[in-house]
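First comes the structure, then the notes that go with it.
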Amino acid sequence: MRVEYINPFVEAAYNILTEVLGGEVNRGELYLKSTSMPVMGVAALVGLAGDVEGRVIFDMNMATAMKIASKMNNEELASFDDLAKATITELANLITAQAVTKLHDLGFRFDLTPPALFTGENMEISDHDVEALIVPMTTDQGKVEVNVAIRDRM
Amino acid sequence: MNASAVKRLSGKRMNMSDSAIRELNRMETAGGDNGEQPEKIAVIDFKMVTFSLAGKDYAIDIMNVKEIAKAGRFTYVPNTAPFVLGVYNLRGDIIPIIDLRLFFNIPTSKREDDALESLIFIHVDEQTFGIVVDEIDKVVGISRNTIQPPHPIFGDINIKYIHGVVENQGRLYILLDVERIFSARVREEEAEALPEMEVTRAPLPDKKTSRAELDISFIRDGLAALAKFHVTAVNERWVSERYREWRSLRKDEDTQLASSADAEQYLETFFSPDTGRLWGDQLMDAFIASLPDNQAKQIHVWNVGCGKGYESYSLAVALRERYPASRIRIYANDSDLLSISNAPMLSVPDVPETSRYRKHMVQGVNGSWAFSEAVREMVLFEYHDCNNQNNVPNMDIIVSRDVVSFLNPKQQMTLIQDFSEKLKDNGTVYLGQNEAMPQQSGWLRHVNGQIISFSKE
């Protein structure tokens, strides 16, 4: 993954999470991964197209998703209903959009697809030909992993 | 602070934390300034056993020391590291004996068979070790806050094993970090246990193999475990040649690699010229002369393991000079995030007027020199691990110096296979100075002065 792409995603994830959750957000060590990976329970996926191709996945477990949705709506949500789903989808949208805006300022042209949300147990993503950058973020509500795979179109 | 306050505080010292004691010591010393002997007031809260190795003074925290003794004639145990002298029976407990002089590579005088050695028995992580030293001195009591952090110039000992330096009555003691020393041994043993698969796959030395071959096979294992350097057809020639040098370098000392410092020393001459800096004129000239003619409009270059980016920029300048009419695209990648994140903005403090880099560089506001937009646009830096799928177009030139040797044998095969797939039929591969493509594997070797390159058969 192009070095210039890394920081916008890391910064966007940090900024947005800090802003919407209000608490302390810590970033873990970045690393590369290229195997099929288990999904923790709730995954929001945003596709990227344009000069590049790729996708960003926001992965968290159900408890974290509930807490984040509750916090963002400022009320205690009891079940993972439409409102909660829309909230997590919106979070994915916010972060990706901010990253893409930053990249736009650097001269890279990206388009976004509308986010898709996947929930369930024992899920696995297996696009293991793709090398993904993992940005682990720890929030007061739990762990959120941002999984970015982008490559330049040849 | 008056004397009664000190007394009152001293009574409470039992349940104080270290930092509180340190603070108190500081206050007491300050308070004692008008007294006669301020040092005497300093609290002794740390005792250490002192001893000497090759004439230098060392110390160990007394809390790690079980007892001291004089003993000799240890029972030899085969197949152990050279610094393990054997085992000793201490009142029924069998204890490994380690020669600290050998461990730290300090020259030892030849010992006689029956000579009694000075032994310190130490206790680390519920294990007891006996360590052999030159001479045991005494127990010294000091104040914990007088321990100073180690300075790189002290002693012959790897700095990571030093806890600190203490001055006492005009003598400097190097305080060893016993826990670090012995737990490090455990970790290394674990690391050595890992590549077991490869060890068994290597042909077992039969009885006829010479001592040198046996030694080399141990060195191979050592390099893999300590430096992640894997000996295969790519580099085995260099490893054998280096072994001859190594033996004369080590003289009578043990030729085996006992620590990562040893492994580093063994690999000292492995790296290609101008690694980690802009290539010098000599290398540039030789490299440019070795590049084949190429009329293509677009030249793709793959720079695997570009590190901080010096190599990629050197390549950019060299290729611009050799192929002025072509568009050049260098795909540079490295899996070390810290190194590569600064590569796109690489700058150097100074460029000599005569340097061929000068005309491709611009001086920034802070006086340092960075590459011009035109050169920067030639290089695409990617954070990428070449063991994962390599998504690059077909290449005219692949430069991968001293990268392949640091992958495990399976990854080496995969990467070389990838090189073969991604390289155009008229393309060229440059490996490290001491690396070569395996023989009879479809690669042709070209020698151009000091530069060796490979192309497909």
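Chains as they are written, first to last, in this note's numbering: chain A, 1 to 154; chain B, 1001 to 1457.
We put the beta carbon where it would ideally sit given N, CA and C, even for glycine.
Note that this is a predicted model, so its numbers are computed, not measured.
Bridge partners for residue i per DSSP, in chain order?
| i | result |
| --- | --- |
| residue 1044 of chain B | Its beta-bridge partners do not exist; DSSP assigns none. |
| residue 1084 of chain B | B:1098 |
| residue 1413 of chain B | DSSP, once it has assigned bridges, lists no residue as partnering residue 1413 of chain B. |
| residue 1127 of chain B | B:1124 |
| residue 1141 of chain B | B:1047 |
| residue 1446 of chain B | B:1453 |
| residue 1348 of chain B | B:1369 |
| residue 1162 of chain B | B:1176 |
| residue 1382 of chain B | A:2 and B:1333 |
| residue 38 of chain A | A:124 |
| residue 52 of chain A | A:152 |
| residue 144 of chain A | A:137 |
| residue 1089 of chain B | B:1094 |
What do you reckon, are the CB atoms on residue i and residue j nearer than 7 Å?
| i | j | result |
| --- | --- | --- |
| residue 1451 of chain B | residue 1290 of chain B | yes |
| residue 1325 of chain B | residue 1375 of chain B | no |
| residue 1057 of chain B | residue 1171 of chain B | yes |
| residue 170 of chain A | residue 47 of chain A | In the structure as shown, chain A starts at 1 and stops at 154, and residue 170 of chain A therefore has no counterpart that could be examined. |
| residue 32 of chain A | residue 1114 of chain B | no |
| residue 1053 of chain B | residue 1133 of chain B | yes |
| residue 102 of chain A | residue 38 of chain A | no |
| residue 1097 of chain B | residue 1130 of chain B | yes |
| residue 1124 of chain B | residue 1179 of chain B | yes |
| residue 72 of chain A | residue 20 of chain A | yes |
| residue 10 of chain A | residue 150 of chain A | no |
| residue 79 of chain A | residue 1388 of chain B | no |
| residue 1083 of chain B | residue 1099 of chain B | yes |
| residue 146 of chain A | residue 44 of chain A | no |
| residue 96 of chain A | residue 130 of chain A | no |
| residue 1303 of chain B | residue 1330 of chain B | yes |
| residue 1119 of chain B | residue 1071 of chain B | yes |
| residue 1141 of chain B | residue 1066 of chain B | no |
| residue 1328 of chain B | residue 1338 of chain B | no |
| residue 77 of chain A | residue 84 of chain A | yes |
| residue 1226 of chain B | residue 1260 of chain B | yes |
| residue 1050 of chain B | residue 1137 of chain B | yes |
| residue 1392 of chain B | residue 1422 of chain B | yes |
| residue 1074 of chain B | residue 1086 of chain B | yes |
| residue 1382 of chain B | residue 109 of chain A | no |
List, in chain order, every chain E residue whose beta-carbon is nearer than 8 Å to that of residue i.
| i | result |
| --- | --- |
| residue 1335 of chain B | The chain labelled as chain E is not found among the protein chains of the depicted structure, namely A and B. |
Grab the span of the beta strand (DSSP E) containing residue i for me, first residue to last.
| i | result |
| --- | --- |
| residue 1244 of chain B | That residue, residue 1244 of chain B, is in no beta strand (DSSP E); its alpha helix (DSSP H) goes 1236 to 1250. |
| residue 1121 of chain B | 1117 to 1124 |
| residue 1054 of chain B | Premise fails: residue 1054 of chain B is in no beta strand (DSSP E) and is neither H nor E. |
| residue 1387 of chain B | Taken as a continuous stretch (DSSP letters only), residue 1387 of chain B belongs to no beta strand (DSSP E), as it is neither H nor E. |
| residue 1398 of chain B | 1395 to 1400 |
| residue 1233 of chain B | Unbroken run through residue 1233 of chain B: none, as it is neither H nor E. |
| residue 1069 of chain B | 1065 to 1071 |
| residue 1357 of chain B | It is not in any beta strand (DSSP E) - residue 1357 of chain B carries neither H nor E in the DSSP assignment. |
| residue 1425 of chain B | 1423 to 1431 |
| residue 155 of chain A | Because chain A here runs from 1 to 154, residue 155 of chain A falls outside it and cannot be looked at. |
If you follow the alpha helix (DSSP H) that residue i is part of, which residue opens it and which one closes it?
| i | result |
| --- | --- |
| residue 73 of chain A | 62 to 73 |
| residue 12 of chain A | 3 to 21 |
| residue 1407 of chain B | Note, residue 1407 of chain B: premise wrong, no alpha helix (DSSP H); not H, not E. |
Any heavy atom of the ligand PLP closer than 6 Å to the CB of residue i?
| i | result |
| --- | --- |
| residue 1265 of chain B | Absence of the ligand PLP from the depicted structure is noted, as is the absence of any ligand whatsoever, leaving it without description. |
Beta strand (DSSP E) runs contained entirely in the stretch 1264 to 1325 of chain B, provided each spans 3 or more residues: 1298 to 1304
Contained alpha helix (DSSP H) runs [length at least 4] in the stretch 78 to 142 of chain A, N- to C-terminal order: 82 to 105
Cβ contact check for the stretch 1248 to 1259 of chain B and the stretch 1272 to 1281 of chain B: 3 or more pairs under 8 Å: no
Contact the stretch 1290 to 1302 of chain B vs the stretch 1257 to 1268 of chain B: 3+ CB pairs below 8 Å: no
Three CB pairs or more closer than 8 Å across the stretch 1326 to 1346 of chain B and the stretch 1422 to 1440 of chain B: no
Segment contact, 8 Å Cβ cut-off, at least three pairs: the stretch 1435 to 1446 of chain B with the stretch 1228 to 1240 of chain B: Short answer: they touch.
Given 8 Å, three or more beta-carbon pairs between the stretch 131 to 144 of chain A and the stretch 54 to 74 of chain A: yes
Three-pair Cβ contact test at 8 Å for the stretch 1347 to 1363 of chain B versus the stretch 1405 to 1412 of chain B: no
Given 8 Å, three or more beta-carbon pairs between the stretch 1358 to 1375 of chain B and the stretch 1393 to 1404 of chain B: no
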